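Numbering (the working numbering), first residue to last: 49 to 492.
Each residue gets a CB set at the ideal place from its N, CA and C atoms; glycine is no exception.
Only a predicted model underlies this, so the values are computations on that prediction, with no experimental measurement involved.
What follows is a short report on a single structure.
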């Protein structure tokens, strides 16, 4: 056994049973009774100073990670060195130096062994994360008109003095068909695809989700920040309406290491309520230590990380990453109570004390993957409205967002406090419960 590896002895069946319980916390239940076929797991290690004689492993992770603009997975030599250091019965697939972690291909027995190592902070099986769901309705366009108003009303016009110029929004989504002339014209040369998880792909958007999110944040017709630079990282596999934890962590880790302070990250995905066998909503939860660690890394590097609240009307506290303060969590509102001067919460929007604020999220006029208009609903699109708003405010504030003179907790608080209080209500028009009634407005 190589120096630096500290293992706990498996003394009895009782200990193995305990380990299985501990490890299953972060293993999707769908895999609980499968055999030992190898699967992908994300391992996060404790900082070296917290574990005796573990500096060699952390050094290998830091030295082996990619620092280029390609988001490559590190050299084969570096991955093999880490595998040797861990006596790994499997393969190191990727290295995430930003969160002191790796992605490995191993079986359940090896996962249980690794979970018992002193230097392991967490281990979880990689799993899919769906796009936040949305619905369709024709003939709408009130959302952009509402976002700049001081009260709950919309004249279907959007007034602005600043457009987010000089700021960058990183959208992690299903891609963007930038080679389509209509799509390209919507962004006027401000948008580009920087990465595609499919490697050979060019970031094409099959589902339209990434196009709609991008247009809400930065489109010249549909978006809040009409001068911002938009960089798309396609994290959905092929044409599926989902991504993986590993792809998301890889992209966020790279942004945290390479993007300038003050950049904005929009990730419009989220874990759904996991209750497929019993028709009782919101009885299951889901957490991902790796995803939370990646977002914390970006936040600590000076990034605004904007996340949709979710579309199952559950509580944000029960799901990663809406359960951590490093996420700027956005719920959705409708225009159904404008007659009474109120922003009624969308029927599907999650609630929770973790929600930073609300923004329009029903029947929004957006750009589809072919560049044509489409109407959609979902917190997926409330989030980029707020991402665009942050870009505009950061432009107005000069160097405040990237100077580092204020920590991110202060900046998050400033953005929250700039929102309009007591305008968001329950779906029946009564005082909002389960979340702070705060509408995030673009006032510049």
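Do residue i and residue j have their C-beta atoms closer together than 8 Å?
| i | j | result |
| --- | --- | --- |
| residue 296 | residue 224 | no |
| residue 229 | residue 279 | no |
| residue 398 | residue 358 | yes |
| residue 426 | residue 234 | no |
| residue 360 | residue 396 | yes |
| residue 338 | residue 92 | yes |
| residue 195 | residue 433 | yes |
| residue 354 | residue 435 | yes |
| residue 146 | residue 304 | yes |
| residue 21 | residue 487 | Given that the chain is displayed from residue 49 to residue 492, the structure contains no residue 21 and the question cannot be resolved. |
| residue 257 | residue 179 | yes |
| residue 211 | residue 274 | yes |
Taking just the CA atoms, how far does residue j sit from residue i?
| i | j | result |
| --- | --- | --- |
| residue 202 | residue 191 | 8 Å |
| residue 177 | residue 428 | 13 Å |
| residue 422 | residue 200 | 23 Å |
| residue 318 | residue 156 | 26 Å |
| residue 492 | residue 169 | 44 Å |
| residue 115 | residue 307 | Confidence in residue 115 is poor, its pLDDT being 47 and thus under 50, which makes the residue's placement unreliable; the coordinate value appears in the next sentence. If you take the alpha carbons of residue 115 and residue 307, they lie about 12 Å apart. |
| residue 334 | residue 302 | 24 Å |
| residue 186 | residue 197 | A caution first: residue 186 carries a pLDDT of 38, below 50, which makes its placement in the model unreliable, though a value can still be read off. C-alpha separation (whole angstroms): 23 Å. |
| residue 174 | residue 153 | 10 Å |
| residue 437 | residue 272 | 6 Å |
| residue 260 | residue 415 | 5 Å |
| residue 84 | residue 332 | Reliability fails at residue 84, whose pLDDT of 49 lies under 50, so the model's placement of it is uncertain and the value that follows must be treated cautiously. So the two alpha carbons sit approximately 25 Å from each other. |
| residue 243 | residue 159 | 30 Å |
| residue 231 | residue 412 | 18 Å |
| residue 459 | residue 449 | 7 Å |
| residue 270 | residue 320 | 28 Å |
| residue 281 | residue 252 | 11 Å |
| residue 461 | residue 163 | 37 Å |
| residue 227 | residue 151 | 33 Å |
| residue 485 | residue 469 | 6 Å |
| residue 222 | residue 289 | 8 Å |
| residue 127 | residue 137 | 13 Å |
| residue 262 | residue 480 | 30 Å |
| residue 385 | residue 189 | 16 Å |
| residue 447 | residue 366 | 36 Å |
| residue 205 | residue 383 | 15 Å |
| residue 161 | residue 122 | 25 Å |
Starting from the Cα of residue i, find the closest Cα among the options and give me that residue.
| i | options | result |
| --- | --- | --- |
| residue 445 | 310, 432, 486 | 310 |
| residue 214 | 475, 439, 466, 479 | 439 |
| residue 400 | 465, 369, 268 | 369 |
| residue 165 | 452, 361, 125, 94 | 94 |
| residue 473 | 205, 336, 388, 465 | 388 |
| residue 344 | 148, 123, 109, 87 | 148 |
| residue 463 | 403, 411, 282 | 403 |
| residue 489 | 476, 378, 475, 415 | 378 |
| residue 294 | 133, 123, 140 | 140 |
| residue 90 | 355, 122, 341 | 341 |
| residue 42 | 172, 127, 193 | Residue 42 lies beyond the residue range present for the chain, which begins at 49 and ends at 492; the question has no answer from this structure. |
| residue 352 | 142, 330, 312 | 312 |
| residue 376 | 314, 384, 383 | 314 |
| residue 87 | 135, 134, 171 | 171 |
| residue 424 | 442, 447, 443, 394 | 394 |
| residue 142 | 217, 136, 124 | 124 |
| residue 466 | 447, 441, 135 | 441 |
| residue 109 | 134, 132, 144, 206 | 144 |
| residue 417 | 443, 167, 264, 205 | 264 |
| residue 497 | 292, 349, 350 | Since the first and last residues shown for the chain are 49 and 492, residue 497 lies out of range. |
| residue 346 | 410, 246, 455 | 455 |
Measure the beta-carbon distance from residue i to residue j and round it to whole angstroms, keeping in mind my assumption that it falls under 8 Å.
| i | j | result |
| --- | --- | --- |
| residue 431 | residue 316 | 5 Å |
| residue 268 | residue 237 | Rounded, the Cβ-Cβ distance is 11 Å, inconsistent with contact. |
| residue 390 | residue 477 | 7 Å |
| residue 254 | residue 287 | 3 Å |
| residue 276 | residue 217 | 5 Å |
Is residue i close to chain D? Criterion is C-beta to C-beta, closer than 8 Å.
| i | result |
| --- | --- |
| residue 486 | Here there is only one protein chain, and chain D is not present. |
| field | Segments of 4+ residues assigned as alpha helix (DSSP H) that fall wholly inside the region 345 to 373 | value | Those alpha helix (DSSP H) runs which fall completely within the region 345 to 373 and span 4+ residues do not exist here.
| message | Just to confirm the assignment: which complete beta strand (DSSP E) runs, minimum length 3, are found wholly within the region 249 to 291? | response | With a minimum length of 3 residues, the unbroken runs of beta strand (DSSP E) contained wholly in the region 249 to 291 fall at 277 to 282.
| field | Unbroken stretches of the beta strand (DSSP E), 3 residues or longer, contained in the region 186 to 227 | value | If one requires a minimum length of 3 residues, the beta strand (DSSP E) runs lying completely within the region 186 to 227 are 216 to 221, in chain order.
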